[in-house]
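For reference, each letter of the sequence shown is one residue, going 7 to 443 in the numbering used here.
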Amino acid sequence: MNLKESERQLDLKRTHYIGNLNASLKGQKVVIGGWVEDLRELGKLTFLTLRDVTGVAQVVIIGEGVKQVKDLNRQSVVRVTGTVQETKSRDFPFEIKSEKMEILSRAVHPLPIDPIGRLESNIDNRLNARALDLRNQKTAAIFKMRHHVLQSIRKTLVDLGFIEVNTPKIIGSASEGGANLFSLKYFDKQAYLAQSPQLYKEQLTIGLERVFEIASFYRAEKSHTVRHLTEFTSVDIESDFMDYLDVIEVLETVVVNVFEHVEKNCIEEQKALGINVRRPVTPFERLTYEEAVEELGHEGIHLGSGDDLLDSHLRKLGEMHKGFYFLIDWPINLKPFYIHEKEDDPALSRSFDLQYGYLELSSGGRRLHDPNKLKERLIEQGLNPSQFTDHLKAFDWGMPPHSGWGLGLDRLMSILTQIDNVREVVLYPRDPERLFP
Ligand code: AMO
C-alpha cells in the first residue's frame with residue numbers, strides 16, 4: 007500500500023529506555039526520547055539533560071541542533087538519535103552525541119510548578135498540576151512504589167488462594183448501614199456510591215470461597231484530616247472457613263510482604279524519598295480492647311467498658327505501642343451489624359483493627375453467617391432488614407462461616423513512604439474541598 011507522506015504513521019519508536027543505556031554501549035547508535043530537564047549552552051555546544059520514566063542522560067548537541075533547541079523550554083518533549091560516547095561530566099557515566107533532534111511537543115514557560123523540585127511548591131499547587139508534578143522524581147517515586155505495593159499485595163493473596171473480584175460501586179442501598187453515603191440520581195431511582203464491598207464480598211464466599219478486591223470506595227464524611235479522603239482505595243478480603251485470628255495472619259503476611267518487596271525492589275524510589283524501608287518486626291503485637299482500656303487507665307484516662315477509643319486515646323496508645331499492632335476483641339456495640347460476637351463473652355466481638363501507632367490501617371473480623379442472628383443485629387442497630395433483602399437471601403443458600411478485612415491502601419502508603427498526608431500518595435485525591443482536577 008502506498009501511503010502519502012502525510013498519512014504515514016509517524017515513527018515514534020525509541021531503541022532504549024534511558025535506564026537501559028550504559029557506558030558499555032559506547033559507539034552504538036541509539037534513539038531515546040523524553041522530556042528536557044535542563045539545557046546549558048557552552049560555546050558551540052549545548053548540553054541537554056533528558057529524562058524518561060527510567061532515568062536521566064546527558065545529550066551533547068553540536069551544529070544544526072544547537073539552533074533547534076535555542077528557544078526550547080524545559081519540560082518539552084524531544085526524541086534524540088545519537089551515539090553513546092565517553093563523557094568528561096562528573097554527573098553522568100556516558101553521554102549521547104546528538105545526530106538528530108526532533109522536537110515533539112513544546113512546554114510553555116513559566117509552568118505552574120517547578121517539577122524539578124528546586125523551587126518548593128505547596129501541596130495544593132502540586133495537586134492542581136498533578137500530571138506535571140509526576141516529573142518530580144520524589145513524586146514519581148511514590149507512585150512507582152504504589153505500583154510495587156499493589157503487585158505485592160496481589161501476589162500474596164493469589165498465592166494464598168484468593169480470587170480477585172470486582173463488585174459494583176453504584177448500589178441501591180447502603181452496604182455498611184451508615185449515614186456517610188454519597189447519593190446520586192440513577193435515572194429515576196435513588197442510588198449510592200459504595201462505601202465498601204462488604205456485603206458482596208461476604209456473598210461471594212458462597213461460590214468462590216476466598217475473594218479479594220482492590221478498588222475505590224466512597225465516604226461522604228466532611229473530615230479535614232491528613233488521613234481521610236472521600237474517595238479512598240481499599241484492599242478487601244473475605245474467606246470462608248477462616249476465623250478472625252486466621253485473617254489477622256493473612257493481613258500480617260500481606261503487610262510484611264509489602265515491606266519486604268519494597269525494601270528489595272524499590273531501591274531508587276527509597277533514595278529519591280530519603281527513606282529506608284525495613285521489614286517490620288513480627289509477629290505484630292495483639293492487644294485486646296480490655297488491655298488497651300486498662301493501659302489508658304494507668305495514664306489517667308478512664309473509659310467505661312464499651313466506650314469507643316477516640317482519636318486522643320489512640321494517640322496515647324500509639325505512644326506506648328509504636329509501629330504495627332492489632333487491637334482485638336472490641337465490644338460488640340462498637341462494631342457493625344455483620345460482626346460475630348465472642349461466644350464466651352457476647353459483649354465482645356471476634357474483631358480487630360490493625361494500628362500503626364495512632365493510625366488505623368485496617369479493620370475486620372469474623373462475620374455472622376446465621377441469617378436469624380444477622381436480622382436481630384440489624385434491628386438492634388436500628389437498621390431495617392427489609393432493606394437488606396437481597397443480602398439476607400444469600401444467607402439461606404448455604405452461607406459458610408467467614409471472616410475478612412478491609413485495609414486502607416492510601417494509609418498504608420503513607421506509613422511506607424513516611425509521608426503523613428494521604429493526599430500525597432493518591433494521584434488525584436478527593437476530599438470535601440477538592441473535586442478537581
Ligand atoms: P472501615 O470502615 O474501618 O471498615 O474501613 C477499612 C479501612 O479503610 C480505610 N479507610 C479510609 N481511608 C481513607 N479515608 C477514609 N475516609 C477511609 N475510611 C476508611 C482505613 C480503614 O481502616 N467493611 C469494613 C472492613 C471489613 O470488615 O472487612 C470497613 O469498611 O484504613
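Note that CB positions come from ideal geometry on N, CA and C, so glycine has one too. As the structure is a prediction and not an experimental result, all values here were calculated from the model.
Using DSSP bridges, identify the partner residues of residue i.
{"i": "residue 319", "result": "For residue 319, which the question treats as bridged, DSSP gives no partner whatsoever."}
{"i": "residue 362", "result": "330, 365"}
{"i": "residue 218", "result": "170, 243"}
{"i": "residue 191", "result": "196"}
{"i": "residue 212", "result": "According to DSSP, which records beta bridges pairwise, residue 212 is partnered with nothing at all."}
{"i": "residue 437", "result": "440"}
{"i": "residue 223", "result": "238"}
{"i": "residue 90", "result": "102"}
{"i": "residue 177", "result": "198"}
{"i": "residue 85", "result": "39, 108"}
Under a three-way DSSP split, which group does residue i fall into?
{"i": "residue 392", "result": "helix"}
{"i": "residue 153", "result": "helix"}
{"i": "residue 199", "result": "strand"}
{"i": "residue 337", "result": "strand"}
{"i": "residue 107", "result": "strand"}
{"i": "residue 72", "result": "helix"}
{"i": "residue 406", "result": "coil"}
{"i": "residue 311", "result": "coil"}
{"i": "residue 413", "result": "strand"}
{"i": "residue 348", "result": "strand"}
{"i": "residue 355", "result": "strand"}
{"i": "residue 80", "result": "coil"}
{"i": "residue 20", "result": "coil"}
{"i": "residue 370", "result": "strand"}
{"i": "residue 420", "result": "helix"}
{"i": "residue 432", "result": "coil"}
{"i": "residue 377", "result": "helix"}
{"i": "residue 164", "result": "helix"}
{"i": "residue 3", "result": "Shown here, the chain extends from 7 to 443; a query on residue 3 therefore has no answer."}
{"i": "residue 324", "result": "helix"}
{"i": "residue 387", "result": "coil"}
Going by C-alpha to C-alpha distance, which of the options sits closest to residue i?
{"i": "residue 264", "options": "283, 251, 363", "result": "283"}
{"i": "residue 377", "options": "394, 370, 398, 362", "result": "398"}
{"i": "residue 95", "options": "53, 412, 409", "result": "53"}
{"i": "residue 65", "options": "325, 436, 107, 386", "result": "107"}
{"i": "residue 239", "options": "429, 38, 37, 31", "result": "429"}
{"i": "residue 200", "options": "207, 180, 193, 185", "result": "180"}
{"i": "residue 205", "options": "101, 332, 172", "result": "172"}
{"i": "residue 26", "options": "18, 63, 47", "result": "63"}
{"i": "residue 51", "options": "68, 256, 36", "result": "68"}
{"i": "residue 55", "options": "313, 103, 217", "result": "103"}
{"i": "residue 435", "options": "71, 424, 133", "result": "133"}
{"i": "residue 347", "options": "329, 361, 370", "result": "370"}
{"i": "residue 207", "options": "409, 395, 272, 16", "result": "409"}
{"i": "residue 115", "options": "421, 80, 255, 18", "result": "80"}
{"i": "residue 126", "options": "151, 145, 110", "result": "145"}
{"i": "residue 166", "options": "341, 188, 245", "result": "245"}
{"i": "residue 123", "options": "89, 176, 44", "result": "44"}
{"i": "residue 212", "options": "192, 404, 349, 439", "result": "404"}
{"i": "residue 30", "options": "38, 100, 23", "result": "100"}
Confirm the yes/no value for this check: CB of residue i, any heavy atom of the ligand SAH, distance under 6 Å.
{"i": "residue 202", "result": "In the structure on display, the ligand SAH does not appear, and the ligands it does have are the ligand AMO."}
_Give the list of continuous beta strand (DSSP E) stretches no shorter than 3 residues that lie fully inside the stretch 30–78._
As summarised for the stretch 30–78, the continuous beta strand (DSSP E) elements at least 3 residues long and confined to that stretch are 35–48, 51–58, 61–67, given in chain order.
*Write down every uninterrupted run of the alpha helix (DSSP H) in the stretch 231–305 whose length is 4 residues or greater and which is fully enclosed by it, in chain order.*
Here the runs fully enclosed are 250–271, 273–279, 295–304.
*Run through the stretch 107–150 for me and flag every whole beta strand (DSSP E) of 3 or more residues, listed as ranges in chain order.*
Complete beta strand (DSSP E) runs here, min 3: none at all.
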